[in-house]
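Residue numbers (the working numbering), protein chains in the order written: chain D, 1 to 272; chain P, 1 to 161. Heads up, the beta-carbon is just placed ideally off N, CA and C, and yes, glycines get one too. Treat the numbers as computed from the prediction; the structure is a model and nothing was measured. Some notes on the structure that comes next.
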Ligand SMILES: Cc1cc2nc3c(=O)[nH]c(=O)nc-3n(C[C@H](O)[C@H](O)[C@H](O)COP(=O)(O)OP(=O)(O)OC[C@H]3O[C@@H](n4cnc5c(N)ncnc54)[C@H](O)[C@@H]3O)c2cc1C
Ligand code: FES
Ligand code: FES
């Protein structure tokens, strides 16, 4: 059974921002609900009010413009990303990560924004968004701020978001269009499962970046690495950003080893 | 709050508690107990239903969110007392044992066939990865889907059996 709460579905962004303005910590935003409802069920959250974002017109839009780049609205689901022709064409790395997130039914509900706000170390969308220098657009009655994704996560399941704020979109700059990339996720089973480690690599032509999930308090990314860097140096760059721990899924040693293994394989596959 | 939903072509209007899941609403308020609750948290797929034409885990949807929506469940699969082709294939291939996963499995299989009218084995495995079956070992389910989509090649009987 879920705790008792009231359900609200504002019909406009203005009404939504008004509802959040008091900064009440007992108000929780609902997008796909695939994290929120599980957390309520498990007693992690006890909200008094659940505010559904999905009835706000335009929140489900994916827009692409050659100059303005890609904008992903807060209600855009993982399957919407996977079936969008423009995303497939210009941002293959986003699709590579999206494909590995949960099961088909969950991808029908789970949103990109929800995945980022949830700020799990094993987020599957974060590696792509980190490589592609995404910006998180945040709004409240106090105004609007734009935070680079690398600064958005502050710890395990923690972000810079305040209680009165909502993420109104994620933006990827147009100069990242066409960047090729691959994501490899290690799981305990072949079916859907959270990652043991995830490694993404993006080739920008003048360098490459590697992002890693499930291996530090937040998903992490390297700076731009020269394409002629030796493999040991690449591994050094990746080891410098990860801080793996032992947990229910595997030991710290195994995690470190597999990040190294996947990094080597992907570097060979995509770069050399 | 009061919601109005269309389930298997019937319109229902009900007062609901706002913390009620769509799954509990279907089972307890409408008496449509074909849809099952396994894990209650998105892992097993026993609760899979169509929500505005897309499969979802109904244990992770609020009934309140379903106001104005169109839902399809296993109860709408057979028509006029006749099993659907998919249901028949499940029956013929022994893809149902205890049956607990079957309602969700049929919903996901239907969606999978809609996406891939002639699916490969790999596409079937991917399309059904959100549905757990603890009895069949999946092979019979995969064969049933292959059969109904024209991709089934019967295996030779083992001669020593
Ligand atoms: C069985 C199962 C398997 C899963 N597998 C994976 C997996 O393989 N990989 C993976 O990365 N994740 C996985 N997840 C986690 C989850 O599905 C994803 O993180 C998903 O993308 C969350 O999106 P959502 O729309 O459902 O978020 P919600 O649950 O709606 O929201 C998540 C959090 O963000 C807040 N929020 C939502 N939208 C906004 C907004 N616009 N502004 C501010 N705050 C907001 C909510 O209040 C909540 O705290 C899995 C979950 C389940 C149940
Ligand atoms: S009961 Fe919904 S996924 Fe298990
Ligand atoms: S038939 Fe028993 S769980 Fe699938």
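| Query | Result |
| --- | --- |
| Count the other CB atoms within 10 Å of the CB of residue 240(D); is the residue buried (16 or more) or exposed (fewer)? | exposed |
| For ligand 2, is there a heavy atom less than 6 Å away from the beta-carbon of residue 45(P)? | yes |
| Does at least one heavy atom of ligand 1 sit under 6 Å from the Cβ of residue 55(D)? | no |
| Which class does residue 12(P) belong to by DSSP, given the choice of helix, strand or coil? | strand |
| Can you list, in chain order, the residues of its chain with a C-beta nearer than 8 Å to that of residue 62(D)? Leave out the 5 residues immediately preceding and following it. | 70, 71, 72, 73, 76, 80, 81, 84, 86, 87 |
| Examine the Cβ distances between the stretch 57-64 of chain P and the stretch 24-44 of chain P and report whether three or more of them are shorter than 8 Å. | yes |
| Are any of the Cβ atoms in chain D nearer than 7 Å to that of residue 64(P)? | yes |
| Please classify residue 209(D): is it buried, with 16 or more other beta-carbons within 10 angstroms of its beta-carbon, or exposed? | buried |
| How many Å lie between residue 19(D) and residue 228(D) at the Cα? | 53 Å |
| Comparing the CB of residue 38(P) with every heavy atom of ligand 2, is any distance shorter than 6 Å? | yes |
| Could you check the C-alpha separation between residue 78(P) and residue 72(P) for me, to the nearest Å? | 12 Å |
| Assign residue 13(P) to one of two classes, buried (16 or more other C-beta atoms within 10 Å of its C-beta) or exposed (fewer than that). | exposed |
| What's the C-alpha gap between residue 175(D) and residue 68(D)? | 9 Å |
| Check distances from the C-beta atoms of the stretch 123-149 of chain D to those of chain P and list, in chain order, the residues that come in under 9 Å. | none |
| Quick check: the Cα distance between residue 130(P) and residue 184(D), rounded to an integer number of angstroms? | 20 Å |
| Return the residues of the stretch 20-53 of chain D that lie within a Cβ-Cβ distance of less than 7 Å from chain P, sorted by chain order. | 33, 34, 37, 38, 41, 52 |
| Could you please give the first and the last residue of the uninterrupted beta strand (DSSP E) stretch that includes residue 144(D)? | 143-148 |
| With a cut-off of 7 Å, does the C-beta of residue 188(D) fall near any C-beta of chain P? | no |
| Quick one: using the 10 Å Cβ neighbour count with 16 as the cut-off for buried, is residue 105(P) buried or exposed? | buried |
| Identify every residue that forms a DSSP beta bridge with residue 60(P). | Per DSSP, none; premise fails for residue 60(P). |
| Spell out whether any CB of chain D is found under 7 Å from the CB atom of residue 145(P). | no |
| What residue ranges within the stretch 110-188 of chain D form continuous alpha helix (DSSP H) runs of no fewer than 4 residues, ordered along the chain? | 112-118, 126-131, 149-152 |
| Are the C-beta atoms of residue 105(P) and some chain D residue less than 7 Å apart? | no |
| Using a Cβ distance threshold of 8 Å, determine whether the stretch 92-110 of chain P contacts the stretch 32-49 of chain P, with at least three qualifying pairs required. | yes |
| Name all residues in chain order for which at least one heavy atom of ligand 3 lies closer than 5 Å to the residue's CB. | 97(P), 98(P), 100(P), 101(P), 133(P), 134(P), 135(P) |
| Is the stretch 45-52 of chain D close to the stretch 3-20 of chain D, with three or more CB pairs under 8 Å? | yes |
| Would you mind sorting residue 153(P) into buried or exposed? The rule is 16 or more other CB atoms within 10 Å of its CB. | exposed |
| Find the residues of chain D that neighbour residue 45(P), judging by a C-beta separation of less than 8 Å, and give them in chain order. | 103, 105 |
| Where does residue 149(P) sit, in a helix, a strand or coil, going by DSSP? | coil |
| Report, in whole angstroms, the separation of the C-beta atoms of residue 103(P) and residue 34(P), which I expect to be a contact under 8 Å. | 5 Å |
| Is the distance from the Cβ of residue 259(D) to the Cβ of residue 197(D) below 7 Å? | yes |
| So if DSSP puts residue 69(D) in a beta bridge, which residue, or which two residues, is it bridged to? | 65(D) |
| Looking at the C-beta of residue 183(D), does it have a partner C-beta in chain P at a distance below 7 Å? | no |
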